[in-house]
Every structure is written in C-alpha cells, then in structure tokens.
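Right, one structure below, let's go through it.
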Amino acid sequence: MTEVLWVGNPHNIPDGFAGSDAFNVRSVTPNRIEDAFPADDIDCVVYDPSDGTDDDNAAVLETVCADYPELPCVLVGNVDGVGEGYVFDHVPKRDGWVDVLSDVVRSAVERRSHVSYPLPDDEEGRLTEVEVVESLDLRGAFDRISEIGRYCFDTDMCFVGVVNDRRERFLSCHGGSVEELPREQSVCAYQILDGGVTVVSDVLEDPRFENRERLRELGMRFYAGAPLDIGGVRVGSFCIMDAEPRDLDDDESRLLRSFGEEVAEKISLLKELG
Numbered sequence: 001m002t003e004v005l006w007v008g009n010p011h012n013i014p015d016g017f018a019g020s021d022a023f024n025v026r027s028v029t030p031n032r033i034e035d036a037f038p039a040d041d042i043d044c045v046v047y048d049p050s051d052g053t054d055d056d057n058a059a060v061l062e063t064v065c066a067d068y069p070e071l072p073c074v075l076v077g078n079v080d081g082v083g084e085g086y087v088f089d090h091v092p093k094r095d096g097w098v099d100v101l102s103d104v105v106r107s108a109v110e111r112r113s114h115v116s117y118p119l120p121d122d123e124e125g126r127l128t129e130v131e132v133v134e135s136l137d138l139r140g141a142f143d144r145i146s147e148i149g150r151y152c153f154d155t156d157m158c159f160v161g162v163v164n165d166r167r168e169r170f171l172s173c174h175g176g177s178v179e180e181l182p183r184e185q186s187v188c189a190y191q192i193l194d195g196g197v198t199v200v201s202d203v204l205e206d207p208r209f210e211n212r213e214r215l216r217e218l219g220m221r222f223y224a225g226a227p228l229d230i231g232g233v234r235v236g237s238f239c240i241m242d243a244e245p246r247d248l249d250d251d252e253s254r255l256l257r258s259f260g261e262e263v264a265e266k267i268s269l270l271k272e273l274g
C-alpha cells in the first residue's frame, strides 16, 4: 500500500482518496511539516495550499522539494504563485480530480516523474553498492589520477564522484574544492543512466541544466563523464568540466572511458581488500 502524507487541512482530504484500498493517508498541517520528517515510510506527499499562507508554502516546499527532492510531491488546487523554482506534479480541483489525483500519485511513485533528476531502473540495488563504496572512505584516493585527467584534457576541473540517494560526493576534485552537490544539481545524476561517455557541450544551453543554480556558481559550461562501473552497477562518474563550451573527439572519449575504468578497477580492488 502506498503511504501518502497529506499536508494541509485534514478536512479537505477527499473520501474517495483517503478511503481507497491503494493508499494509506495520514495528515499534518503545514506549520508542523518538519515534525513529519525524516520519515522513510512516506512514499508521496500531497500538498493542498488552499488554506496556507505564503510562509506555509515556503516551509512545505523547502522541506519536501528542496530537502527531499527524491520524494514525490503533488500539489492540488490553485497553485498560482506557489512553488516557483521547485519540481512537483499538479492536479487542479476540477470535475473528477480525485481520480486524477490517484493516478498522478501512482505514476509519481512508480515512475518518479516529479523529481528534478531521473532514477536508474536498478536504483535500489545501485544504492546498496554505493553504500559499500562510501564505507571505504576513499576521499583523496584518486587525487593523482584526477590531476592527470585535468592535465590530459586541459580542463578547469576533473573529479571523481559517487552518486548516492540525495547527493553526489566527490572522492577527488582537482581544480576546485567542491566536496558534494545535491543530486538534483548534479550532471552525474544523468551520467549514471548512460553506459557510455556522457558529453554536455554547453550546460547552460541544455534544458535539463539551464536552471541549475549550483552549476552556474561553479562556472560549468562543458561537462563530460565516464561511468564508474562496479560489477555492472554504475555508482558514479569520472568527469571533466570547463568554463567554456567544447566537445570531445572519439579519441578523447575513449581516453575518458579508460580513466573511468581505471578508477572503477581500483575501487573494486579496495572493496575486495576492505
């Protein structure tokens, strides 16, 4: 059964939704939203802002969409002026809206259509492998290879990142001092879906990333990444970035892939020894 947290006036929860065999619905008022988290058993949040203030809206969306971007969020009713800059699904209160809400919640939970980054089909197993890799405490273990990578590709930055459920953590970052990025701000969140080399010639011209504020702060225009494949599971990426748009030729793509394979082999060896 899908666990749904209704945020808003509990009297506004429609009987056809709360009484469904598909959903177990509990509620919290907007001003108590932080009391509901962290909660691993919540599958989806439904927010009804009809009785909320601007402060309520900000608190709910900051808690749900910003702090828990992997959690499906559906807004119902009138959302004019609500949630600019956040990612959520929306169901207007029109004829038949309760049935629509049920369908949207199911889709959001099953397909992750709401989130600001995509999820691999093997996400659950992938995160299990990521947890093992993160337990090895590999920060700094790849500083030399990231330094060589930056030199070989003549880029502003070269880094080794592991993507967990909410963040990309950098095991090494040559050319910068970035330790992590929220997953919704990370280009590597898309790279881990790709079995090959991912190239974004101009990040600011790509609709997936044009509004990613953190990438603008980093000055990222060009990105290329190769997967860190550990036993068939892509846990992260070996990546390069530059402040100027550019591309990779075939030889450079093969070289970047080789860097990724080298890092993955070392992680696998350390995992066996650890």
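UniProt numbering applies: residue 1 is where the sequence shown begins, and numbers increase by one. Glycine included, C-beta positions come from ideal geometry on N, C-alpha and C.
- For F37, there is no enclosing alpha helix (DSSP H), as DSSP marks it with neither H nor E.
- Below 8 Å, enough C-beta pairs join the region 191-205 and the region 239-250 to call them touching: three or more.
- In the structure shown, E272 falls within a helical segment according to DSSP collapsed to helix, strand and coil.
- By the criterion of a C-beta distance shorter than 8 Å, V74 is surrounded in its chain by C44, V45, V46, Y47, F88, D89, H90, V91, L101, V104, V105, A108 and H114, once the five residues flanking it on both sides are discounted.
- In summary, P38 is exposed, with fewer than 16 beta-carbon neighbours lying within 10 Å of its beta-carbon over all protein chains present.
- Each residue's CA atom was taken as its position, placing P14 and W97 some 10 Å apart.
- For C173, the enclosing beta strand (DSSP E) covers residues R167 to H174.
- Classified as exposed, S50 has fewer than 16 neighbouring CB atoms from the shown chains inside 10 Å of its CB.
- Judged by their CB atoms, E3 and N24 are nearer to each other than the 7 Å cut-off.
- Using a Cβ distance threshold of 7 Å, V160 and A189 do not count as a contacting pair.
- Each of F142, P182 and G125 was checked against the Cα of L270, and the nearest Cα belongs to F142.
- In chain order, P30 place their CB closer than 6 Å to the CB of D56, counting only its own chain and leaving out the 5 sequence neighbours on each side.
- Spatial neighbours of A59 in its own chain (CB-CB distance under 8 Å, excluding positions within 5 residues in sequence) are listed in chain order as P30, N31, I33 and E34.
- Closest in C-alpha terms to P118, from the list E184, A224, R214 and I145, comes E184.
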